[in-house]
Amino acid sequence: AEYMGITHLISHLMSVSGMRGAAVALTLLAIVVGAVAQLRAGVAKCDVSLPVGVPLAGYNHGDRRVPYWPLPEKRQYTTFMMPSVGIIDPTWSKALVLDDGAGTRVVFSTMDGIGSDETLNALTVEYLQALGSSLTLSNITFSSSHSHSGPGAISPRMLWALAPATDLLVPALQQTLAQNVAACIYQAEQALQPAAMDIGIAQLLGATVNRRAGEDPGISSTTIDPNLGVVAVNDAAGNVLATVFNFAFHSVCFGPSNMMLSSDLAGAACRAVEASVGGVALFINADAGDIDPAPGMCNAPNATSSDFSGGPIIAAAVVAKRAELSPVPDVKITMVSKVVPFGRTNLNATLGRFDNCTSGGDLDICSLCEAINCDANIHMDENWLDENPVFNAIRFDISGVATVAVSMPGEPLLALGWMVRNDTANLGYDQTLLMGYSNAHMGYFAPPLQYDDGGYESQLTFFGIQTAEMVREGVFSVAAPIAPASNIQMSATPRRK
């Protein structure tokens, strides 16, 4: 309609004042055309598998650990962990670049691995810019699938290295991986083309369970996050370019006895999506800190097959939701990226929290510690764990629906996920995608109630009882400035009286 009106105006001005009037009208036409933003998208999928022999990050026990840990056994790529012996399926790096045509360009970079490492991400951006890209850290969300059979020895953070969950950094491996991930992002950026996009959220039940059932009052195995976010990106002709799906589960079908690289259940789901609709499937994990695959989801033809039965189950739900979406080229994207300082760790290592021991024990140590408040309150510096995570919030306005995708730099428990969803709903967003395991890996994020109840996830919440609140505040600080609603305050975090 705008174009027809300008055409009529050109004709009228030419008849009235000749070419001078036409020049004015053509200038107006250029302004209108420039104002009609056109989404462009580019996607790439790259095999970034590191050499056989690298440690597998995720488990710090069983076959993964050297037999006489903590005594090292130095090999080419390993020190405290045993070397991998093969590859079941590749370690994939995938990149989706979105440009709204109005000055905003964002990137989703996903990789099959245990967690996102901020030093690897910074190095990736250096290599990316050396290739000629103008992208910076503030444009990119780096997300890990949380496969427990991905590559280790790629992070300098000593806490994970000595646990040993990742092993000591091998700089050559980190550099190789960063170069390959950068090349993948650059390939996607170079492939930008006119595109259409839509986002929706389905509900997927029966695929996951809560592994803290029995530890937390009121939590059962079915207390999970059923939200399955789906992002559909097509080219101008309607062909599938990419499908992003956002769902919460630990990718732990392979246990510590597996010594071969694999993308695990997340990879099986991606393969099934790609086989069904084509294009590239990118998985972004959510609030999976206490969420595992449900029984039967990890069934496979044999012990070394990653064709898990849960892959097609998750994919079917993704494909069904994708079919309901209506991608359009008119997409507005707004992004805020911010470094949020956390300070030193606050381990609060008490017998009550670590061993549920508040009375009795050898020499009545538990009773004594409960009385005098024994607390190994260790404050580790940034050599041990990242203290300055990057938080991202990306707002998508599509067909009158405001969706926000927010990053969290580690493993948010379900309860924190719901708090964040409530916060973003209060900010006026219609839909929320929770991007856990993104931009850094700072451990688990147990809210105060779960922190007090103890257990594995509580013990690996490293910044004290306020850790989850600090994550909430970080998310809120980037989501609020671009929110539909204004002057909204965060609600109080539930605490046990």
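Using this note's numbering, you'd call the opening residue of the sequence shown number 499 and step up by one each time. Glycine residues also receive a C-beta, built at the ideal position from the N, C-alpha and C atoms.
Residue i, DSSP secondary structure in three states
{"i": "V623", "result": "helix"}
{"i": "W658", "result": "helix"}
{"i": "Y942", "result": "strand"}
{"i": "V668", "result": "coil"}
{"i": "I963", "result": "coil"}
{"i": "Q677", "result": "helix"}
{"i": "R820", "result": "helix"}
{"i": "G551", "result": "coil"}
{"i": "L569", "result": "coil"}
{"i": "L759", "result": "strand"}
{"i": "L635", "result": "helix"}
{"i": "G613", "result": "coil"}
{"i": "T618", "result": "Reading the sequence as shown, one finds Leu at residue 618 and not Thr. Of the three classes helix, strand and coil, the one that applies to L618 here is helix, per DSSP."}
{"i": "Q948", "result": "helix"}
{"i": "Q574", "result": "coil"}
{"i": "Q701", "result": "strand"}
{"i": "T721", "result": "coil"}
{"i": "D921", "result": "helix"}
{"i": "Q685", "result": "helix"}
{"i": "A533", "result": "Per-residue confidence for A533 stands at a pLDDT of 47, beneath the threshold of 50, marking its modelled position as unreliable; no derived number is given."}
{"i": "V564", "result": "coil"}
{"i": "R603", "result": "strand"}
{"i": "F806", "result": "coil"}
Residue i versus the options, residue with shortest Cα-Cα distance
{"i": "V623", "options": "C682, F889 and D696", "result": "C682"}
{"i": "M917", "options": "Y566, L554 and E971", "result": "E971"}
{"i": "Y954", "options": "L726, K836, G941 and G736", "result": "G941"}
{"i": "T901", "options": "A913, L932 and P887", "result": "L932"}
{"i": "D545", "options": "P568, S591 and N558", "result": "S591"}
{"i": "N737", "options": "S824, P907, C751 and N844", "result": "S824"}
{"i": "S749", "options": "L759, T741 and D951", "result": "L759"}
{"i": "A689", "options": "V668, L671, R655 and A740", "result": "A740"}
{"i": "K572", "options": "S645, L667, Q627 and E880", "result": "L667"}
{"i": "E967", "options": "P979, L947 and W882", "result": "L947"}
{"i": "T639", "options": "A746, N881, V604 and L845", "result": "V604"}
{"i": "S905", "options": "V564, S614 and D561", "result": "S614"}
{"i": "T674", "options": "V729, L626, M878 and Q701", "result": "L626"}
{"i": "M609", "options": "S547, V552 and L914", "result": "S547"}
{"i": "A913", "options": "T634, E885 and P945", "result": "P945"}
{"i": "A661", "options": "I980, F894, Q929 and G556", "result": "G556"}
{"i": "S761", "options": "N558, I722, I963 and D587", "result": "D587"}
{"i": "G753", "options": "G776, D733 and N558", "result": "N558"}
{"i": "P982", "options": "T576, V834 and A923", "result": "A923"}
{"i": "G776", "options": "A813, P910 and P793", "result": "A813"}
{"i": "A1001", "options": "E909, Y949 and Q957", "result": "For the chain, the structure presents residues 499 to 995; residue 1001 sits outside this window and is missing."}
{"i": "H877", "options": "L657, V834, A815 and S755", "result": "L657"}
Alpha-carbon to alpha-carbon, residue j and residue i
{"i": "A659", "j": "G611", "result": "15 Å"}
{"i": "D921", "j": "I892", "result": "15 Å"}
{"i": "L554", "j": "G630", "result": "33 Å"}
{"i": "A773", "j": "Y935", "result": "26 Å"}
{"i": "V899", "j": "R919", "result": "16 Å"}
{"i": "L780", "j": "I717", "result": "30 Å"}
{"i": "D665", "j": "E713", "result": "30 Å"}
{"i": "P799", "j": "A770", "result": "16 Å"}
{"i": "N725", "j": "N744", "result": "8 Å"}
{"i": "S647", "j": "A903", "result": "27 Å"}
{"i": "A847", "j": "T965", "result": "14 Å"}
{"i": "P791", "j": "D598", "result": "36 Å"}
{"i": "T959", "j": "Q536", "result": "43 Å"}
{"i": "V552", "j": "H644", "result": "17 Å"}
{"i": "P839", "j": "A766", "result": "36 Å"}
{"i": "E880", "j": "A694", "result": "42 Å"}
Those residues which DSSP pairs with residue i across a bridge
{"i": "A730", "result": "D696 and T741"}
{"i": "G540", "result": "V595"}
{"i": "P910", "result": "F943"}
{"i": "W442", "result": "A question about residue 442 goes unanswered here, because the residues of the chain that appear run from 499 up to 995."}
{"i": "K836", "result": "F889"}
{"i": "D895", "result": "K830 and A900"}
{"i": "V583", "result": "V583 is not bridged to any residue."}
{"i": "I789", "result": "N708"}
{"i": "A779", "result": "T741"}
{"i": "Q691", "result": "A539"}
Where residue i falls, given that 16 or more other Cβ within 10 Å makes a residue buried
{"i": "I831", "result": "buried"}
{"i": "V731", "result": "buried"}
{"i": "E616", "result": "buried"}
{"i": "A620", "result": "exposed"}
{"i": "Y927", "result": "buried"}
{"i": "T802", "result": "exposed"}
{"i": "A670", "result": "exposed"}
{"i": "Q701", "result": "exposed"}
{"i": "P565", "result": "exposed"}
CB contact check: residue i to chain D, cutoff 9 Å
{"i": "A923", "result": "Judged by its chain identifiers, the structure shown contains no chain D, having just a single protein chain."}
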